[in-house]
Amino acid sequence: MKKGLLLLGTFVTLAGVSNAQKLALYEEFSGENCGPCAAANPALMTLLDANPSKVLLLKYQSPIPSAGPIYGQNTADVQNRMTYYNVPFAPYGRSNGAVLGTGQNAGHVSFCTQASIDAAALEVTPFTLTFGTPTYTGNDFSVQVTVTATTAAAYANAKLRFALTEDLEFATPPGTNGETSFHHVMRKMYPTPDGQAIQASFTANQTQVFTITGTIPAYTSSENPRMFVAWIQNDADKVVLQAKKSVNLPPAVNAIASNSISVTDKVKCAATYSFAPVVNIKNTGSAALTSAQIHYKLDNGAYTVHNWTGNLAAGASTNVTLPGIPVNTPGAHVITDSVAMPNNVADAGTSNNVNSTAVYLLNESTEVLPQSNDFETAAPMWVELAGTSGVGIFKVNIAGKGYNTSDNMVAFPCYSIAPGGTGFITLPKSDMAAAQKALDFYVAYAQYQNENDKLEVVYSTDCGVTWTSLWNKSGSALSTTAATTSSFVPSSNSQWRKESIDVSSVPQGARLAFRATSAYGNNMFLDNIQLRVGTPTAINDVIAAGSISTYPNPVRNDLNIEMNMTKATSVTFSVVNALGQEVLKNAAQNFGTGKQTATVDVSSLAAGMYYLNIVTAEGTTQQKFSKQ
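Here you go:
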């Protein structure tokens, strides 16, 4: 903090002349995929909103822990400021450029308090900032910022920085942390985030005028509150010497937005279906809207133009039903709309004109069993159906990471999906006539810490309107390897487990699906799915449930295993460490029925926590033990 002292000749004041009142600048680095940010931001906003004359918020949407869509619209400026401050985590903040708090969490937004705001607003500054009246030509602007020194002062490394901010409100969270409100988000810095150098020295009451010009980005919206922020910052010590905010930018004269596109029947079970999208258009300009063009298309096809006429007052909206779009290919499809030419002139704000929605056509024909999918080839009848997460259980290609070192599998990324988010993958409509039937599949999953992400097998008799659950596992019961706070991807076959369940009760005409539900834990994967006639085959069919015991635990040398075999089979024992890495593997052994024993020599292992994988052709189970 500034104390009005001479500091290596960089700061000079004249006694007897008053310094200016400072508007403190609090810069926060948050993220739309940051769970801790969502938890901390409401209290921070309440505090800052209670002190409008003392502090100004400038928020940067960072890629911590992963990049979100807001960050993606302007990565360069955000990364510049993150590098400038060496941002270590989110939510992280700087008050007038200074770190608040001490210890490894120094800079956490919880250190921003009423006392720190009061102290920041009382810091000594020799400068005032004044905004001129901006002028606009379309999305281009020009505005003057006047720097005035209330006392004589000299700064060798001071710069004027200038940014456009926007308040963003979403109907649904744009990221994975559940946040829908983002206030004073930095959207663009002019002319660059490095700012412009102010003159090296000032006499009392001397001014310097900066003319800032630029283009308002198309990804911002004239419908949202937007304003300019200017601040003087000394790069020698990063202290912010003064800050200023402008009045809100005016709305565009001719502007139109497609607030949403929707389809009443998003999921249909038919050989072909005509989806009728409804587009909600809103007049976000200041003049009455009497005409517009609505362009729409299916997937990557060509746009069709629908000409709309009417009379919408400023701020009013209306629904427009477009002609039906026929779909005759099973699977997920995207309908996109783009509105343009309000009142037959170019739109003054184009960022909010394009929207899209997903629709799903599920196959109507009944397929004979068996139905299988290893995801190595295209299978259009298997549909990735979005749930409340906005994404389905989707195919991924990661070389050698699928079951049996295949390249393809399906995944649901709970690591980056907010709690409660769901996703599906539906099997083809299959012949479920009376007979014993089983569903076999391989799953790989690691908890993040103790979150209960859930996987279910479900079926629907009404084309996905409702689902009945047949089987589910969650949390530690679903886990196939040790918990990890890294984004989990299976690294070996030992991290896959076979599941086999009886689906004989599923009625004819129903559709089977997998449903995943996120607890914001870690990623889950599925591979080698087969729906077949016959009885389930899983490890419990060869080793009696609950009959496995391992001792001693902790162990020094030999780990003893006892199990009750209900079927003669070959068994392999392997050991993985807490990172999920295979560190020991025994040759396969043949066992008969009844009580069986085996020994695994673990004397070569370092002390720590391990997992014993018991692997059979029918599946895998796991026992936890510690090595002394």
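In our numbering, the protein residues as written are 71 to 698. Idealized CB from N, CA, C, for every residue including glycine. All values derive from a computational prediction rather than experimental measurement.
* Roughly how many whole angstroms lie between the Cα atoms of residue 271 and residue 95? -> As a position in the sequence shown, residue 271 is number 201, starting the count at 1. As a position in the sequence shown, residue 95 is number 25, starting the count at 1. Going from the Cα of residue 271 to the Cα of residue 95 covers about 23 Å.
* Looking at C-beta atoms only, is the number of pairs between the region 259-273 and the region 224-241 that lie closer than 8 Å three or more? -> Yes, the region 259-273 touches the region 224-241.
* Quick one: grab the DSSP three-state call for residue 558. => Position 488 of the sequence shown, counted from the first residue, corresponds to residue 558. DSSP places residue 558 in coil when its eight states are reduced to three.
* To do: Alpha carbon to alpha carbon, how far is residue 100 from residue 279? Give it in angstroms, no decimals.
  => Taking the sequence shown and counting its residues from 1, one reaches residue 279 at position 209. Taking the sequence shown and counting its residues from 1, one reaches residue 100 at position 30. Note on geometry: alpha-carbon atoms of residue 279 and residue 100 lie some 33 Å from one another.
* **DSSP-derived helix/strand/coil call for residue 451** => The count along the sequence shown starts at 1 and reaches residue 451 at position 381. In the structure shown, residue 451 adopts coil according to DSSP, grouped into three states.
* Rounded straight-line distance, which links the Cα of residue 172 to that of residue 51 -> This structure cannot settle anything about residue 51, because the visible part of the chain is limited to 71 through 698.
* Under 8 Å Cβ to Cβ from residue 678, same chain only, skipping five residues before and after it: list those, please. => The sequence position of residue 678 within the sequence shown is 608, counting from 1. Result list for residue 678: 647, 648, 696 and 697, in chain order.
* residue 686 to residue 639 span [Cα, whole Å] -> What you label residue 686 is simply residue 616 of the sequence shown in a count that begins at 1. What you label residue 639 is simply residue 569 of the sequence shown in a count that begins at 1. Spanning the alpha carbons of residue 686 and residue 639 requires a straight line of approximately 7 Å.
* Which one of 517, 496 and 505 has the shortest CA to CA distance from residue 526? -> Counting from 1 along the sequence shown, the entry for residue 526 is found at position 456. Residue 526 has its Cα closest to that of 496, out of 517, 496 and 505.
* To do: Would you decide whether residue 454 is buried or exposed? Buried here means 16 or more other CB atoms lie within 10 Å of its CB.
  => Here residue 454 refers to the residue found at position 384 when the sequence shown is read from its first residue. Looking at its Cβ environment, which holds 16 or more other Cβ atoms inside 10 Å, residue 454 is buried.
* Asked: Taking three-plus beta-carbon pairs below 8 Å as touching, is the region 424-433 in contact with the region 322-336?
  -> yes
* Pairwise C-alpha distance: residue 390 and residue 432 -> Residue numbering aside, residue 432 sits at position 362 when the sequence shown is read from its first letter. Residue numbering aside, residue 390 sits at position 320 when the sequence shown is read from its first letter. Answer to the nearest angstrom: the Cα atoms are 27 Å apart.
* So is residue 97 buried or exposed if we call it buried at 16+ other beta carbons inside 10 Å? -> Position 27 of the sequence shown, counted from the start, is the residue given in the question as residue 97. Counting Cβ neighbours within 10 Å, residue 97 comes out buried, since at least 16 surround it.
* Asked: Since residue 119 is in the alpha helix (DSSP H), which residue starts that stretch and which ends it?
  -> Taking the sequence shown and counting its residues from 1, the one referred to as residue 119 is at position 49. Taken as a continuous stretch (DSSP letters only), the alpha helix (DSSP H) holding residue 119 covers 105-119.
* In angstroms, rounded to a whole number, what distance separates the CA positions of residue 471 and residue 618? -> The residue you call residue 471 lines up with position 401 of the sequence shown. The residue you call residue 618 lines up with position 548 of the sequence shown. About 29 Å.
* If we call anything under 9 Å between Cβ atoms a contact, is residue 596 one with residue 411? -> Stepping through the sequence shown from its first residue, residue 596 is reached at position 526. Stepping through the sequence shown from its first residue, residue 411 is reached at position 341. By the CB criterion at 9 Å, residue 596 and residue 411 fall outside the cutoff.
* **Cutoff 6 Å; reference residue 406; Cβ partners in own chain excluding five residues on either side** => Mapped onto the sequence shown, residue 406 falls at position 336. Counting only Cβ-Cβ distances below 6 Å, and skipping sequence neighbours, we find 367 and 426.
* Per-residue burial, residue 448 [other beta carbons within 10 Å of its own, 16 or more giving buried] -> Stepping through the sequence shown from its first residue, residue 448 is reached at position 378. With fewer than 16 Cβ atoms within 10 Å of its Cβ, residue 448 is classed as exposed.
* Asked: Ends of the alpha helix (DSSP H) at residue 547?
  -> By one-based count along the sequence shown, residue 547 stands at place 477. Run containing residue 547: 545-548, per the alpha helix (DSSP H) assignment.
* **Residues near residue 421 in its chain [Cβ-Cβ closer than 6 Å; skip 5 each side]** => The sequence position of residue 421 within the sequence shown is 351, counting from 1. Cβ neighbours of residue 421 beyond the five flanking positions: 288, 289, 290 and 291.
* Once you ignore the five residues that flank residue 314 on each side, which residues in its own chain have a CB closer than 6 Å to its CB? -> On the sequence shown, residue 314 is found 244 positions in, with the first residue counted as 1. Counting only Cβ-Cβ distances below 6 Å, and skipping sequence neighbours, we find 199 and 300.
* What's the gap between the Cα of residue 203 and the Cα of residue 213? -> Residue mapping note: residue 203 aligns to position 133 of the sequence shown, counting from 1. Residue mapping note: residue 213 aligns to position 143 of the sequence shown, counting from 1. Distance between the alpha carbons of residue 203 and residue 213 is about 6 Å.
* **With 16 other Cβ atoms within 10 Å as the buried cut-off, status of residue 523** => Here residue 523 refers to the residue found at position 453 of the sequence shown. Burial call: buried.
* Residue range of the alpha helix (DSSP H) that residue 142 falls in? -> Counting from 1 along the sequence shown, the entry for residue 142 is found at position 72. Run containing residue 142: 139-142, per the alpha helix (DSSP H) assignment.
* In DSSP terms, what residue 572 is bridged to -> Looking up residue 572 in the sequence shown gives position 502. DSSP, once it has assigned bridges, lists 508 as partnering residue 572.
* Relative to the C-alpha of residue 294, which residue among 321, 347, 452 and 153 is closest? -> The count along the sequence shown starts at 1 and reaches residue 294 at position 224. Among 321, 347, 452 and 153, the Cα nearest to that of residue 294 is on 321.
* Asked: Quick one: complete beta strand (DSSP E) runs, 3+ long, within the region 672-696?
  -> Complete beta strand (DSSP E) runs here, min 3: 678-686.
* When you compare only the Cα positions, how much space is there between residue 612 and residue 504? -> Translated into positions along the sequence shown, residue 612 becomes position 542. Translated into positions along the sequence shown, residue 504 becomes position 434. Roughly 26 Å separates the two Cα atoms.
* Span of the beta strand (DSSP E) around residue 237 -> As a working note, residue 237 is residue 167 in the sequence shown. Residues 228-239.
* **residue 149: first and last residue of the uninterrupted alpha helix (DSSP H) it sits in** => Counting from 1 along the sequence shown, the entry for residue 149 is found at position 79. Here the alpha helix (DSSP H) through residue 149 covers 145-155.
* Alpha-carbon spacing of residue 418 relative to residue 547, whole angstroms -> Mapped onto the sequence shown, residue 418 falls at position 348. Mapped onto the sequence shown, residue 547 falls at position 477. Spanning the two alpha carbons is a distance of roughly 55 Å.
* Taking just the CA atoms, how far does residue 310 sit from residue 163? -> Here the question's residue 163 lines up with position 93 in the sequence shown. Here the question's residue 310 lines up with position 240 in the sequence shown. Between residue 163 and residue 310, the C-alpha separation is close to 13 Å.
* **Candidates 187, 285, 644 and 343: closest to residue 658 by CA position** => By one-based count along the sequence shown, residue 658 stands at place 588. It is 644 whose Cα lies nearest to the Cα of residue 658.
* Using a Cβ-Cβ cut-off of 8 Å (strictly less than) and excluding sequence neighbours within five positions of residue 80, which residues of its own chain qualify? -> Counting from one through the sequence shown, the residue named residue 80 turns up at place 10. Here residue 80 scores only 31 on pLDDT, less than 50, and its place in the model should not be relied on; the value that follows carries that caveat. Excluding its 5 nearest sequence neighbours in each direction, residue 80 has C-beta neighbours in its own chain below 8 Å: 224, 225, 226, 227, 304 and 306, listed in chain order.
* Name, in chain order, the residues that DSSP records as bridge partners for residue 223. => Walking along the sequence shown from the start, residue 223 turns up at place 153. Beta-bridge pairing links residue 223 to 272.
* Asked: From residue 379 to residue 393, what distance separates their C-alpha atoms?
  -> Taking the first residue of the sequence shown as 1, we reach residue 379 at position 309. Taking the first residue of the sequence shown as 1, we reach residue 393 at position 323. The straight-line gap from Cα to Cα measures roughly 16 Å.
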